[in-house]
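Going down the list, the protein sequences come from chains Z, R, X and A.
If you read the first sequence in my numbering, its first letter stands for residue 1, the second for the next number, and so on.
If you read the second sequence in my numbering, its first letter stands for residue 279, the second for the next number, and so on.
If you read the third sequence in my numbering, its first letter stands for residue 557, the second for the next number, and so on.
If you read the fourth sequence in my numbering, its first letter stands for residue 835, the second for the next number, and so on.
Each residue gets a CB set at the ideal place from its N, CA and C atoms; glycine is no exception.
A short write-up of the structure that comes next.
Protein chains: 4
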Amino acid sequence: MGSREFHPTDTVVNVKGVKIGGGNAPVVMAGPCSIESEEQLMSTANAVKAAGAQVLRGGAFKPRTTPYSFRGLKEEGLKLLKAAGEETGMPVITELMSEKDVELVAEYSDIIQIGTRNAQNFMLLDAVGELTTPVLLKRGFANSYDDWLNAAEYILAGGNRNVILCERGIRTFETYTRNTLDIAAIPVIHRLSHLPVVADPSHGTGRWHLVLPMGVAAIAAGADGLLVEVHPNPDHAMSDGPQSLTFENFATLMNGVQSVAPIGSSNRVPLRAQPIGV
Amino acid sequence: MGSREFHPTDTVVNVKGVKIGGGNAPVVMAGPCSIESEEQLMSTANAVKAAGAQVLRGGAFKPRTTPYSFRGLKEEGLKLLKAAGEETGMPVITELMSEKDVELVAEYSDIIQIGTRNAQNFMLLDAVGELTTPVLLKRGFANSYDDWLNAAEYILAGGNRNVILCERGIRTFETYTRNTLDIAAIPVIHRLSHLPVVADPSHGTGRWHLVLPMGVAAIAAGADGLLVEVHPNPDHAMSDGPQSLTFENFATLMNGVQSVAPIGSSNRVPLRAQPIGV
Amino acid sequence: MGSREFHPTDTVVNVKGVKIGGGNAPVVMAGPCSIESEEQLMSTANAVKAAGAQVLRGGAFKPRTTPYSFRGLKEEGLKLLKAAGEETGMPVITELMSEKDVELVAEYSDIIQIGTRNAQNFMLLDAVGELTTPVLLKRGFANSYDDWLNAAEYILAGGNRNVILCERGIRTFETYTRNTLDIAAIPVIHRLSHLPVVADPSHGTGRWHLVLPMGVAAIAAGADGLLVEVHPNPDHAMSDGPQSLTFENFATLMNGVQSVAPIGSSNRVPLRAQPIGV
Amino acid sequence: MGSREFHPTDTVVNVKGVKIGGGNAPVVMAGPCSIESEEQLMSTANAVKAAGAQVLRGGAFKPRTTPYSFRGLKEEGLKLLKAAGEETGMPVITELMSEKDVELVAEYSDIIQIGTRNAQNFMLLDAVGELTTPVLLKRGFANSYDDWLNAAEYILAGGNRNVILCERGIRTFETYTRNTLDIAAIPVIHRLSHLPVVADPSHGTGRWHLVLPMGVAAIAAGADGLLVEVHPNPDHAMSDGPQSLTFENFATLMNGVQSVAPIGSSNRVPLRAQPIGV
């Protein structure tokens, strides 16, 4: 159901008036990795809004490699996020980790994010397939394009057509970067599927100084948007500080995004016009 | 809590009298990928028992790459599995995929398997950490040893000390095999952790003709057991036929396992006696 | 010697007046994978020159996965290449595969290419280190950034400072693309090294329809140039047809390159101005 | 020419009476990574011979990641190796890195080793294809089985039928081990090809404490032999100390090899008797 053969024209996901996909201007979703406090979140929300972001991101439930790390403010974080979104007039996105929290997260968030570690948690995909809330599905860090599109199929098959795919880097032998951001995923998904696809250069690189060039490169390759971590003071972030941008660097990224958006958009068109073969 | 520095002596997981780990004879857990019918399951249970298997495996909830494949008999399958275990006098193991099914699966199964796609589904790990039922935790197919041991930590931190680790192959560039079975994981885990570690040569290779040599190799390297897919008629299996053994080939595998078990056991000893450093 | 700590300012490689690196406009090197005939080569040379390419590429010695494939026109190919370069006023680049052909290739070619399969053929690297001819060193398809920079060190240590690095894709588990073009390599190398770095989106993807978006993305990320396969009739190419561009598509790529070149150039600057640490 | 369809019965490579492949007892080739001195080499040669090794290995030309590391004693090393082989009555094996050294190395060595970094150095493969000296071809660390067999084809096509394949670990995301030793390569190659295949657990793991279990596991899976690094004092080795065995640990390994050799041999037989298809 996600394939272009099944549905040739682009799906546009409309989130409270923000349109993602289908050749619309790239939508940047930005905010802190973890929601830490009202002040941290509000200052970030105001800064990213001013720079041109259209969606506010923030983590309330955090998947962490070890159980002993900070795991998020949970419902308290969701409330702060919803309030910050309303105050700044931006829809919000946050991660859902548990089948038991589906209703809770759906109540507070405008887009539900499924993280890379749950990219093949099929029961969770089944659960969000029953909603109408848009779902941003990250690629599993060792999932092929086929695996990823098949995971999206779980959501689509449940009746939820509002699926956004997110390339966030794959695991390779290279250790300098946290992951290898596979930018080719963007034109490939545009060829194989009608769903919008965005990139996460923060997790895709793990280093703030790569977020700018890689974010711009993803847009140039035709990405429908970006997911970016921004923090008032990355050195003191409770998670993912090394890959978070300062407000100033985020504004520079936004300038770059706007300047390459036209070429990114033109990159999307011929792909659809050419034969599928070769 | 899973590290050998924290707990120097081996953990032995006792499943209804079957002892896994700590230098006990290797425990082979065998049965069909999917439970398809009472007849299919009982004939397999009898055959693997006769050949020396000590635990019966069978899938009732099946994670499938696409939602359109057979997804298991669910509770009906669990009932058949429990009955087959009781009739043949073997404890049983089956996979848990959903936080909502924790109690259901715990009621029917003697070991709860967490599959590779849920290897970092931290909410599910939290949930089984609250049980006393032994848990077999498969390595995520792109998880490092550290990731895997940290995932086990979620279960241990919840209070459940009965954790068995299972190497089931990692994803690499090689496509001839379904995965690359990383046999080095066995001596590495024995060095880093006190938990038992078994190998799954069926998923680890994806080809029946490799299950025998790789199963024997894993035992030679010190594995505390194997998880093996066996089917009365692999050509007609509803899932994983190409990697399932016939009864006859499974019996040959068991002969191999018994013949290398002493060297495997001796391989475990010096590792513990030597310094941790290089 | 290749590190930025050793030599903070950018190396600019000057090839008969074409300047590569140091913030100069991106240099596109284009031409056929294999030189097949004078007519094929000349028509391609004229077309890529007209579209804005500055260097002519063409393979005379071809590394092929099997010994039974077409292995190139050898010295006859070199002669055709030199003539085509002279006629169109472009410097030329071709691959060197053998220690025995160093002088021969250096006689005909303005840049010597070391391919991915010889990326750690240290004797060959030693040999080209003794020349003054510029060397384009492709990244080994499973080489880390460190491996690659250390390989460059073999050439630099021999006295040849005219080294250009080329990202051409790494081997990952993804099979839809021939390789995974690691665009992050570009800003990373610019941070770690003073050497110019270009990208090869043809080998990096293996599919013509990805060459355009990935070539543009690489330039947006700050690449100092591209290496692109172009053929008058890709369907009839003797090698690499599926990844070769037609003349028309190559012209479209060049337009994209020019439109993102300014942002790519600006992406290079802040990297040098910021601290090396995280 | 290397495929089993072309030549159904096993190739046995006879090196001065030592028979490798075809179900003969496993042949262990052991010695220091680098030849450092006559004393170091002779003491090692005597120790490995006493423990049951049949071939003496030793590096005279060393491929090193950086040009500033010790690169071997070169011809002096070859002379020491030949002398040590003659004195202990063992054939010797050493690595060839350069097309220019083919005759030199062939004069001193009974088996010519092609290392992983030259596994697709096709000109070097062409060159050794013209000899009759047996060639041990290591798998490139990112080469698929197909790539590897095709590389062997270069040697076979030249007329040299004495090719031994060597699995030495592939590059994966796991960093605890230097490489991931892909033991499945052994039964796969036995199925696809008639050539003998040995394993190198020293490079395959990079850690001495893994060499014993992995060496034994490779033999259990049917390997025709092992290549093992042994040093009188690994802490002071000029290269690869962390993966070199002491004399005592090597003797323990040899005991393990002998105890699993029968099961390894039996693992080879049914593979040939079964159909090639799944």
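Tell me which residues share the same chain as residue i and place their Cβ nearer than 7 Å to its Cβ, disregarding the 5 neighbours each side in the sequence.
i, result
"L827/X", "Because L827/X sits at a pLDDT of 45, beneath the cut-off of 50, its placement in the model cannot be relied upon, and the following sentence gives the value as read from the coordinates. Only P743, H746 and R747 meet the Cβ criterion."
"F975/A", "T950, G1003, I1004, R1005 and N1013"
"L687/X", "A662 and N716"
"A774/X", "I739, I742, A755, P757 and L782"
"E431/R", "M279 and G280"
Are the C-beta of residue i and some C-beta of chain R separated by less than 8 Å?
i, result
"R171/Z", "yes"
"N1067/A", "no"
"F356/Z", "Any property of residue 356/Z remains undetermined from this structure, which presents chain Z solely from 1 to 278."
"N996/A", "no"
May I have the straight-line CA-CA distance separating residue i from residue j, to the nearest angstrom?
i, j, result
"P262/Z", "I183/Z", "17 Å"
"G760/X", "L721/X", "14 Å"
"T802/X", "P788/X", "6 Å"
"H563/X", "E659/X", "30 Å"
"G59/Z", "N570/X", "49 Å"
"L958/A", "T175/Z", "31 Å"
"G715/X", "I667/X", "16 Å"
"V326/R", "A361/R", "16 Å"
"K138/Z", "A53/Z", "20 Å"
"P91/Z", "V55/Z", "5 Å"
"A551/R", "N396/R", "The predicted position of A551/R is uncertain, since its pLDDT is 40 and thus under 50; no value can be drawn from it."
"P520/R", "V489/R", "11 Å"
"V305/R", "N527/R", "17 Å"
"V278/Z", "A807/X", "Note that V278/Z scores a pLDDT of 38, beneath 50, so its modelled location is shaky and nothing firm can be said."
"I155/Z", "Y145/Z", "16 Å"
"Q669/X", "K618/X", "11 Å"
"S312/R", "A1071/A", "52 Å"
"S1073/A", "T899/A", "11 Å"
"V969/A", "N996/A", "6 Å"
"S265/Z", "A25/Z", "8 Å"
"E353/R", "E507/R", "20 Å"
"E36/Z", "D200/Z", "21 Å"
"A779/X", "G577/X", "9 Å"
"L80/Z", "N428/R", "30 Å"
Using beta carbons (cut-off 8 Å, strictly below), is residue i in contact with chain A?
i, result
"T175/Z", "yes"
"I467/R", "no"
"Y701/X", "no"
"M810/X", "no"
"A498/R", "yes"
Within the 8 Å Cβ cut-off, does residue i reach chain X?
i, result
"E873/A", "no"
"K934/A", "yes"
"L210/Z", "yes"
"D110/Z", "no"
Starting from residue i, trace the beta strand (DSSP E) both ways and give me its first and last residue.
i, result
"E651/X", "V648 to E651"
"I219/Z", "Note, I219/Z: premise wrong, no beta strand (DSSP E); alpha helix (DSSP H) at W208 to A220."
"G587/X", "V583 to G587"
"A199/Z", "V197 to A199"
"K416/R", "V413 to K416"
Once the 5 residues before and after residue i are set aside, which same chain residues still bring their CB inside 8 Å of it?
i, result
"E377/R", "M401, L402 and A405"
"G301/R", "D288, S543, R546 and V547"
For chain Z, is any of its Cβ atoms less than 8 Å away from the one on residue i?
i, result
"E385/R", "no"
"V772/X", "yes"
"E431/R", "yes"
Assuming the contact rule is C-beta atoms closer than 8 Å, residue i and residue j should be a hit. Round their C-beta distance to whole Å, please.
i, j, result
"A323/R", "G309/R", "7 Å"
"V494/R", "A1054/A", "5 Å"
What residue range does the alpha helix (DSSP H) around residue i cover?
i, result
"V326/R", "E316 to A329"
"R891/A", "Counting along the chain, R891/A falls outside any alpha helix (DSSP H), though it belongs to the beta strand (DSSP E) covering V889 to R891."
"L1026/A", "A1019 to L1026"
"E507/R", "Element bounds for E507/R: not the alpha helix (DSSP H) but the beta strand (DSSP E), G503 to E507."
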